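One line per chain: the protein sequences are F and L, in this order.
With this note's numbering, the residue at position 46 of the first sequence is 146, and numbering never jumps.
With this note's numbering, the residue at position 212 of the second sequence is 825, and numbering never jumps.
Every residue gets a Cβ at the ideal spot worked out from N, C-alpha and C, and that includes glycine.
What you are looking at is a predicted structure, and each value in this text was computed from that prediction instead of being measured.
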Amino acid sequence: MESIKDKVAIIGMGCTKFGELWDKSEDDLLIEAAYEAYEDAGVEPKDIQAAWLGNARTAMRGAALAIPLKLEYIPITRVENQCCSGTDAFRNACYAVAAGVYDIVLVAGFEKLKDAGPERLRARYLYPDLFPQVPIGLPAQEFALKATRYFHDYGLSYEDGKRMLSRISVKNHHNGTMSPKAHFRREITIEQAMNAPMIAYPLGLLDACGVSDGAAIAILTRSDLAKSFRDDYVLVKGLGICSGAKQAQLRDDEDLIHFEENVRAAKIAYHEAEISDPLKEIDLAELHDCFTITEAITYEDLGFCPRGKAREYVEGGVFDLDGDLAANPDGGLKCFGHPLGASGVRMIYEIYKQMQYKAGPRQRKNPSLGLTHNLGGTTGAYTVSVAVFGQRD
Amino acid sequence: MLGIVSYGAYVPLWRLQRSAISPGLRGEKAIAGFDEDSITMAVAAALDCLQTSERESIDGLFFATTTSPYSEKQAAATVANALDLRRDILAADALACLRGGTIAMRIAFDMVKAGSAQRVLLTAADVRLGAPESSFERDSGDGAAAVLFGDSADVIATILHHYSISNELMDVWRLAGETFINIEEDRFIEEEGYLKVVGEAVSRLMTQQNLAPKDFAKAVLCAPNPRCHRSIGAKLGFEPHQIQKPLFEEVGNTGNAYPLMLLVAALEEAKPGDKILLASYGDGVDVFVLEATEHIQSRGLGLQAYINSKRVIDDYRRYTKWRGILPLDKGRSVLMPKPSLKEMMRRQDETIRMYGSKCRVCGAVAYPPQRVCAKCHTKDQFDMVRLAEKRGEIYSYTVDYAAGGLEIPIVTMTNIEDGGRAFCLLTDASPDEAGIGLPVEFSFRRSYQDIIPEYIWKARPIRIRE
Chain F
101 MESIKDKVAI
111 IGMGCTKFGE
121 LWDKSEDDLL
131 IEAAYEAYED
141 AGVEPKDIQA
151 AWLGNARTAM
161 RGAALAIPLK
171 LEYIPITRVE
181 NQCCSGTDAF
191 RNACYAVAAG
201 VYDIVLVAGF
211 EKLKDAGPER
221 LRARYLYPDL
231 FPQVPIGLPA
241 QEFALKATRY
251 FHDYGLSYED
261 GKRMLSRISV
271 KNHHNGTMSP
281 KAHFRREITI
291 EQAMNAPMIA
301 YPLGLLDACG
311 VSDGAAIAIL
321 TRSDLAKSFR
331 DDYVLVKGLG
341 ICSGAKQAQL
351 RDDEDLIHFE
361 ENVRAAKIAY
371 HEAEISDPLK
381 EIDLAELHDC
391 FTITEAITYE
401 DLGFCPRGKA
411 REYVEGGVFD
421 LDGDLAANPD
431 GGLKCFGHPL
441 GASGVRMIYE
451 IYKQMQYKAG
461 PRQRKNPSLG
471 LTHNLGGTTG
481 AYTVSVAVFG
491 QRD
Chain L
614 MLGIVSYGAY
624 VPLWRLQRSA
634 ISPGLRGEKA
644 IAGFDEDSIT
654 MAVAAALDCL
664 QTSERESIDG
674 LFFATTTSPY
684 SEKQAAATVA
694 NALDLRRDIL
704 AADALACLRG
714 GTIAMRIAFD
724 MVKAGSAQRV
734 LLTAADVRLG
744 APESSFERDS
754 GDGAAAVLFG
764 DSADVIATIL
774 HHYSISNELM
784 DVWRLAGETF
794 INIEEDRFIE
804 EEGYLKVVGE
814 AVSRLMTQQN
824 LAPKDFAKAV
834 LCAPNPRCHR
844 SIGAKLGFEP
854 HQIQKPLFEE
864 VGNTGNAYPL
874 MLLVAALEEA
884 KPGDKILLAS
894 YGDGVDVFVL
904 EATEHIQSRG
914 LGLQAYINSK
924 RVIDDYRRYT
934 KWRGILPLDK
944 GRSVLMPKPS
954 LKEMMRRQDE
964 TIRMYGSKCR
974 VCGAVAYPPQ
984 RVCAKCHTKD
994 QFDMVRLAEK
1004 RGEIYSYTVD
1014 YAAGGLEIPI
1024 VTMTNIEDGG
1034 RAFCLLTDAS
1044 PDEAGIGLPV
1054 EFSFRRSYQD
1064 IIPEYIWKAR
1074 PIRIRE
């Protein structure tokens, strides 16, 4: 099998402000992100030869992208893969470009979650395969089950476990203050996080990401063509994605303190990107912090720290903006909220801007490799994507 | 020998302090939990009755209630399914009449007697509503009972005689579409109704069969309220010690389940040779004379154990929300699409019977059932195994404060004894009881219920330990 490494380049990106965008339509979001990306790449709409649309809930067809952007008579594919929808759309676009079928393509990730209302996040909508055991459940319960078990298996008291999670939330909120496009931009304290109203024990309000609207768009080309567009293009180094088969629900010998899907997707991406020591080699990672516990477990699954050591590493500042590996330098889902299909491409936007030294006050020094990670679904049946990006040679 | 093979009862965990209805009232009434109804309680009583006994020889099932969730659609079909009974049985509801339980008892007995059924299971349950603060709300309670009839050497009680009267009287009624029970003036319903009709039937039966009150170890009398109950005992000439305790203080009058629950209580205390008089009431009366055989012994978890196992609430608002009397905030309520009835049909072995699949190759148990084994990946080589009556242990849990609905859901991943894992809710528990390692059993409950009744097995802390 060949690797995707260095075959595809990102030459332009756009991203809307994320938030409760009551006064903006789906079309407004796509237009805003697309025209920023066109300008950034220096391309015209007519240059786009094919497009992929990552969207989990609100847009049901490729035409949802064609109509607002007037992308006329080109192939547009809608990709739905839960929280990985954006990244999976990006992945499919990369393969088409790498195959040489198209020279310039567009990838959009977007979601207008706030129009639908919170009911759309209930289990019967999100996970029809779970009906009817927990029909009214919200996603928090799934991750809370992991937190309860994580605390138990590693002997963390409620206070100790909660402090670790709160520390992650405080970090992400701090980073978010430096992100103009984030939904939430304010500092919080450990005490606020620890004492926030309970959402799903032991996860509180400040362990949870927000629900928001947003769109992000990338324009890709083959890496040998990229130089004709710009000097500071960003290369795709590895793309891993996998789905669980519900093992952790169906098998009583599965634990709930790791996501096997994380481990497997990272293995694929690291192999392609030729990464052997992720903590050392990766400078920054946009992780799927739908809940703080997810980020904590993901550190361990992605090899950023040993099993059971997330607390030690978090409290040691390893994942702070100026730490060994900045996790969620833009504030993550915690501050942007999680419009399902938009998040993956929004994460790539952050890595892209960091690689170009355009991340403003949150800029990392000399970033060489950046990673994005999404996780969505239900226990044992998550879909996880891990993507790795790097500077041009 | 023809008669009762086994019996069981069910009293919901929850009790409402009567003083919460109105200050000064004494005692408690048993109330169905927010996720219980007459169907789920009938299933619970039937499981207590059947325990581990074989179900193959059950040819008939009756479900008696005035509070079926359905005006049209059989509820007994759901009860039979949840109990994992055979498909080729005669299942029937006895609806609308308060003495449906004893009418069905008579039919069940006659079926066995006629040889048209080997064994017939009778279930009865009710969740009847009185208008807030009415005397009916005070006196009624929720519960269920089940009795298994058969023809075998080891019956624990036989039916010696029976006598019925059909009587037209508007004393207690509820019109189609009405929520609350209507009751006519006290003295009228007592004098022209209960006391007169029951008195007439019991004395005719005694005269016919040449029996006198002293011949009975226990008289099971099912009066609508404590005052009536005191009057009927005296009127019929029974001594106080002969009268089966009416459970008004602890449970309340449980409608269709009431005569059978009191019969179960009498059987639990009966000695071989004891004669028991049972008289129900509602649009007439059914009177039975039963006699305990030498096989009588305490069976089932026991009504008394269920009465003792309780959680008392004094929050009247909580009770009225559970019963839908007090509406929930519609603006932010749990709006859900109607479930696919086709999917419900396909998945009923998973949901109503709670079957898992057990791989014939590697033995792994999966819930819900899987065609391709989750462990060894063998295709279509599995047996369906019933998990509903197994115990389990909580592997992880959370309390979902954001979910909304009537009660805060406690969500668990529960590992099942002998294999399998269920992602299920914990019921009959407060959040502080949930914990990793908590032993649980499964209980048939209502799931989401705003559009059509949906049922599912939930975990609950083991209610009664032997």
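Please go through the same chain and pick out, in chain order, the residues whose beta-carbon is closer than 6 Å to the beta-carbon of residue i, but skip the five residues on each side of it.
| i | result |
| --- | --- |
| Gly1032/L | Val978 |
| Gln822/L | His774 |
| Glu136/F | Gly114 |
| Gly408/F | Tyr254 |
| Met264/F | Arg411 and Val414 |
| Glu132/F | Thr116 |
Consult DSSP for residue i and reduce its assignment to one of helix, strand or coil.
| i | result |
| --- | --- |
| Lys848/L | helix |
| Gln956/L | For the record, residue 956/L in the displayed sequence is Glu; it is not Gln. The answer is helix: DSSP assigns Glu956/L an H, G or I state. |
| Pro885/L | coil |
| Tyr807/L | helix |
| Arg800/L | helix |
| Arg931/L | helix |
| Ser485/F | strand |
| Thr736/L | strand |
| Arg330/F | coil |
| Met101/F | coil |
| Gly616/L | strand |
| Glu974/L | Before going on, a small fix: residue 974/L reads as Val here, not Glu. Looking at Val974/L - three-state DSSP - the assignment turns out to be coil, as it is neither helix nor strand. |
| Cys115/F | strand |
| Leu433/F | helix |
| Tyr1014/L | coil |
| Lys371/F | A small fix is needed here, since residue 371/F is His in this sequence, not Lys. Note: His371/F maps to helix in three-state DSSP. |
| Val108/F | strand |
| Ser779/L | strand |
| Met967/L | coil |
| Thr187/F | helix |
Can you list, in chain order, the residues of its chain whose CB lies under 8 Å from that of residue i, leaving out five sequence neighbours each side?
| i | result |
| --- | --- |
| Pro682/L | Asp650, Ser651, Ile652, Ala688 and Pro1066 |
| Val725/L | Leu615, Gln731, Arg732, Val733, Phe762, Gly763 and Asp764 |
| Thr289/F | Val270 |
| Ile397/F | Lys246, Tyr250, Ile357, His358, Phe359, Asn362 and Ala410 |
Going along the chain, which residues of its own chain have a beta-carbon closer than 7 Å to the beta-carbon of residue i, five neighbours each way excluded?
| i | result |
| --- | --- |
| Ser666/L | Ser619 |
| Leu698/L | Arg668, Ile671 and Leu674 |
| Glu805/L | Leu782 |
| Asp828/L | Lys888 |
| Arg936/L | Leu742 |
(request) Answer yes if the stretch 963–975 of chain L comes into contact with the stretch 1008–1019 of chain L, meaning at least three C-beta pairs across the two stretches below 8 Å, and no otherwise. (result) no
(message) Taking 8 Å as the cut-off, does the stretch 844–858 of chain L touch the stretch 699–712 of chain L (at least 3 CB pairs, one atom from each stretch)?
(response) no
(request) Please go through the stretch 119–179 of chain F and give each complete beta strand (DSSP E) segment of 3 or more residues, from N-terminal end onward. (result) 150–154 and 176–179
(request) Pair every Cβ in the stretch 243–256 of chain F with every Cβ in the stretch 300–318 of chain F, then say whether three or more of these pairs are closer than 8 Å. (result) yes
(message) At 3 residues or longer, what runs of the beta strand (DSSP E) sit wholly inside the stretch 830–877 of chain L?
(response) 831–834
(request) Taking 8 Å as the threshold, find out whether the stretch 728–745 of chain L comes into contact with the stretch 896–905 of chain L through three or more Cβ pairs. (result) no
(message) Does the stretch 754–771 of chain L come into contact with the stretch 871–890 of chain L, if we say contact requires no fewer than three beta-carbon pairs (one atom in each stretch) closer than 8 Å?
(response) yes
(message) Taking contact to mean 3 or more Cβ pairs, one atom from each stretch, closer than 8 Å, check whether the stretch 384–394 of chain F and the stretch 368–375 of chain F are in contact.
(response) no
(message) With three or more C-beta pairs closer than 8 Å as the rule, is the stretch 269–278 of chain F touching the stretch 416–436 of chain F?
(response) yes
(request) Check each residue of the stretch 348–381 of chain F: if its Cβ is closer than 7 Å to any Cβ of chain L, include it; give the result in chain order. (result) Gln349, Leu350, Arg351, Asp352 and Leu356
(message) Short of 7 Å Cβ to Cβ, which residues in the stretch 983–996 of chain L face chain F?
(response) Gln983, Ala987 and Lys988
(request) Examine the Cβ distances between the stretch 464–472 of chain F and the stretch 273–292 of chain F and report whether three or more of them are shorter than 8 Å. (result) no
(request) Scan the stretch 234–257 of chain F for residues whose Cβ lies nearer than 8 Å to a Cβ of chain L and list them as they occur along the chain. (result) Val234, Pro235, Ile236, Gly237, Leu238, Ala240, Gln241, Ala244, Leu245, Lys246, Ala247, Thr248, Arg249 and His252
(request) Report the residues of the stretch 1036–1056 of chain L with a CB closer than 8 Å to any CB of chain F, ordered along the chain. (result) Phe1036, Cys1037, Leu1038, Pro1044 and Ile1049
(request) Run through the stretch 628–692 of chain L for me and flag every whole beta strand (DSSP E) of 3 or more residues, listed as ranges in chain order. (result) 641–644 and 671–678
(message) Three or more C-beta pairs under 8 Å: does that hold for the stretch 629–637 of chain L against the stretch 769–783 of chain L?
(response) no
(request) With 7 Å as the limit, tell me which residues of the stretch 293–326 of chain F have their beta carbon closer than that to any beta carbon of chain L; keep them in chain order. (result) Met298, Ile299, Ala300 and Tyr301
(message) Tell me whether the stretch 250–260 of chain F and the stretch 417–426 of chain F touch, counting them as touching only if at least three CB pairs, one residue from each stretch, are closer than 8 Å.
(response) no
(request) Jot down the residue ranges of each uninterrupted alpha helix (DSSP H) in the stretch 272–359 of chain F, minimum 4 residues, whole runs only, in chain order. (result) 290–295, 323–326 and 347–350
(request) Check whether the stretch 318–326 of chain F touches the stretch 108–119 of chain F, counting contact only when three or more Cβ pairs, one atom from each stretch, lie closer than 8 Å. (result) yes
(message) So, does the stretch 440–460 of chain F touch the stretch 150–162 of chain F, judging by three or more C-beta pairs under 8 Å?
(response) yes
(request) Residues of the stretch 666–684 of chain L with a CB closer than 8 Å to any CB of chain F: list them in chain order, please. (result) none
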